[in-house]
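Protein chains in written order, with the working numbering: chain F, 21 to 471; chain C, 181 to 214. Notes to accompany the following structure.
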């Protein structure tokens, strides 16, 4: 795969990016954790509410030992929360941001269990003579985190079967129409750093989430009839595994992956049918495309019209239920730009094009039309994988929402680097996810003006 | 400030320790309990 050269300089972004000041200065909201089903605490996040009380370290204190005080959640942005210490009333000047899923945030009552007293910040100590009365009034009937909150966070981060050393089949990043065998080298929050087993280069790695449609169990390529770049020995072993179901303990097996939806009805995609698809090599474009091959188990090889390599090396595998393929007319109905085949002369009209190319449109019935209640809105800030350089997770904004489809804009970058992704993409994360996982987040690009 | 849905919320006595002494308050806890 030839990456656009201009996009490979993302490492120039701001390291150690801090969401808090950025969210405040841009007056923006971040998508709620409950929008990201693949992320820790997503199922429970609606119970995390503004007004909740927590215990956190009070740095404004003269005591030699750590002191803690009660803070109120003022605003929630992803995993981040704007906090205000109790006693400051409506004074916003000491507000601060914290990540709710770190070990530094405790439920009310935690200090008492470890015998530590709560001490108000020095600047407000004089405000009340009787802090007990004040706290009883402020805390009674309000909400806090459950005592096992942090344990739940830790549990939900590591709750999967992908470990270092597990073998998978994953798309060949140098030839997207083929799969290669790779070994899991590192797992961070469900994201896999994979090393191609046949690679001659030392750091020939590839990042993808364990729920990515790019990664599959061992034997998947042969089961589905997908092109596989692997040794004959590996292929023979796979054939044996398919017959005996006898996997190696390090093999990723089918039940470690999400099952794709089965199509309803007897109608099937046929070779030559036309459709619209997100261009896998230029994710900002939805293009005119063709079904080039029908694989087994409801997988398709799709080619982008006008830019297909002679040998089919740029065909891309999509499941028939993929949210990244659309029926003819999808862009027009939704007011989106459809990229016509390269070199197409005149204004592109599907009716004319189908006639000229003597082809038919894939029936609308064949596409998955389900739109999940995802909760994303334009303007929401997220942490998004740059799918052209998937080891990078960047500060980004949902710039458009079309049903379940999201246009992701990378903050500070031109719109040509935008990427279309599904709302359930495992490559999107809430603000603060990288901090929880201790993964570097690429801040917005800062343009340096020439002197 | 009673949560509208009490399905995943439980009322609990929470112990508070300050420099002046200890006392308890009644709060709602949730956000992760099954």
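Backbone N, C-alpha and C define an ideal beta-carbon position, used for all residues, glycine too. All values reported here derive from a predicted model rather than from experimental measurement.
Looking at residue j and residue i, is the spacing between their C-beta atoms short of 8 Å?
{"i": "residue 104(F)", "j": "residue 91(F)", "result": "yes"}
{"i": "residue 182(F)", "j": "residue 217(F)", "result": "no"}
{"i": "residue 418(F)", "j": "residue 446(F)", "result": "no"}
{"i": "residue 130(F)", "j": "residue 39(F)", "result": "no"}
{"i": "residue 451(F)", "j": "residue 402(F)", "result": "yes"}
{"i": "residue 308(F)", "j": "residue 361(F)", "result": "yes"}
{"i": "residue 210(C)", "j": "residue 67(F)", "result": "yes"}
{"i": "residue 439(F)", "j": "residue 304(F)", "result": "yes"}
{"i": "residue 235(F)", "j": "residue 259(F)", "result": "no"}
{"i": "residue 128(F)", "j": "residue 83(F)", "result": "no"}
{"i": "residue 441(F)", "j": "residue 426(F)", "result": "yes"}
{"i": "residue 65(F)", "j": "residue 48(F)", "result": "no"}
{"i": "residue 165(F)", "j": "residue 97(F)", "result": "no"}
{"i": "residue 202(C)", "j": "residue 132(F)", "result": "yes"}
{"i": "residue 214(F)", "j": "residue 190(F)", "result": "yes"}
{"i": "residue 306(F)", "j": "residue 359(F)", "result": "yes"}
Below 6 Å CB to CB, which residues in the same chain sit around residue i once its five sequence neighbours on both sides are set aside?
{"i": "residue 121(F)", "result": "99, 173, 456"}
{"i": "residue 208(F)", "result": "457, 459"}
{"i": "residue 432(F)", "result": "464, 465"}
{"i": "residue 93(F)", "result": "70, 72, 101"}
{"i": "residue 148(F)", "result": "154"}
{"i": "residue 312(F)", "result": "321, 323, 335"}
{"i": "residue 58(F)", "result": "231, 446"}
{"i": "residue 384(F)", "result": "347"}
Our contact map puts residue i next to residue j with C-beta atoms below 8 Å; I'd like the distance itself, whole angstroms only.
{"i": "residue 255(F)", "j": "residue 199(F)", "result": "Not really, about 11 Å apart at Cβ, beyond 8 Å."}
{"i": "residue 388(F)", "j": "residue 341(F)", "result": "4 Å"}
{"i": "residue 237(F)", "j": "residue 273(F)", "result": "5 Å"}
{"i": "residue 395(F)", "j": "residue 55(F)", "result": "4 Å"}
{"i": "residue 138(F)", "j": "residue 197(C)", "result": "6 Å"}
{"i": "residue 289(F)", "j": "residue 382(F)", "result": "6 Å"}
{"i": "residue 294(F)", "j": "residue 379(F)", "result": "5 Å"}
{"i": "residue 136(F)", "j": "residue 80(F)", "result": "With a Cβ gap of about 16 Å, residue 136(F) and residue 80(F) do not count as contacting."}
Using the beta-carbon count (16 or more within 10 Å), is residue i buried or exposed?
{"i": "residue 180(F)", "result": "exposed"}
{"i": "residue 73(F)", "result": "buried"}
{"i": "residue 197(F)", "result": "buried"}
{"i": "residue 461(F)", "result": "buried"}
{"i": "residue 448(F)", "result": "buried"}
{"i": "residue 226(F)", "result": "buried"}
{"i": "residue 400(F)", "result": "buried"}
{"i": "residue 291(F)", "result": "exposed"}
{"i": "residue 352(F)", "result": "exposed"}
{"i": "residue 282(F)", "result": "exposed"}
{"i": "residue 296(F)", "result": "buried"}
{"i": "residue 33(F)", "result": "Confidence at residue 33(F) is low in this model, with a pLDDT of 37, below 50, so its placement is unreliable and the value that follows should be read with caution. So residue 33(F) ends up on the buried side."}
{"i": "residue 386(F)", "result": "buried"}
{"i": "residue 190(C)", "result": "exposed"}
{"i": "residue 229(F)", "result": "buried"}
{"i": "residue 242(F)", "result": "buried"}
{"i": "residue 261(F)", "result": "buried"}
{"i": "residue 453(F)", "result": "buried"}
{"i": "residue 471(F)", "result": "exposed"}
{"i": "residue 343(F)", "result": "buried"}
Ordered along the chain, which non-local residues of its own chain (more than five positions away) have a Cβ less than 7 Å from that of residue i?
{"i": "residue 339(F)", "result": "233, 280, 318, 319"}
{"i": "residue 411(F)", "result": "227"}
{"i": "residue 176(F)", "result": "60, 61"}
{"i": "residue 140(F)", "result": "89, 107, 151"}
{"i": "residue 270(F)", "result": "185, 186, 187"}
{"i": "residue 421(F)", "result": "396, 397, 398"}
{"i": "residue 357(F)", "result": "351"}
{"i": "residue 207(C)", "result": "192, 194"}
{"i": "residue 391(F)", "result": "423, 424"}
{"i": "residue 364(F)", "result": "326"}
Ignore the nearest five residues each way along the sequence and tell me which others in residue i's own chain have a CB closer than 8 Å to its CB.
{"i": "residue 124(F)", "result": "76, 77, 118"}
{"i": "residue 315(F)", "result": "244, 245, 246, 321, 337"}
{"i": "residue 95(F)", "result": "70, 101, 102"}
Is residue i near the ligand MN, with its Cβ less than 7 Å from a heavy atom?
{"i": "residue 126(F)", "result": "By its list of ligands, the structure shown contains no ligand whatsoever, and the ligand MN lies outside what it can speak to."}
Could you name each continuous beta strand (DSSP E) segment of 3 residues or more that falls completely within the segment 291-354 of chain F, going from the start of the chain to the end?
294-298, 306-314, 319-324, 336-339
Which runs of the alpha helix (DSSP H) spanning at least 4 residues fall entirely within the segment 103-174 of chain F, listed in chain order?
130-133, 151-159
Minimum length 3: unbroken beta strand (DSSP E) runs contained in the segment 173-225 of chain F:
187-192, 195-208, 211-216
Quick check on the DSSP output: what are the complete beta strand (DSSP E) runs of length 3 or more inside the segment 382-460 of chain F, in order along the chain?
401-405, 413-422, 425-430, 439-442
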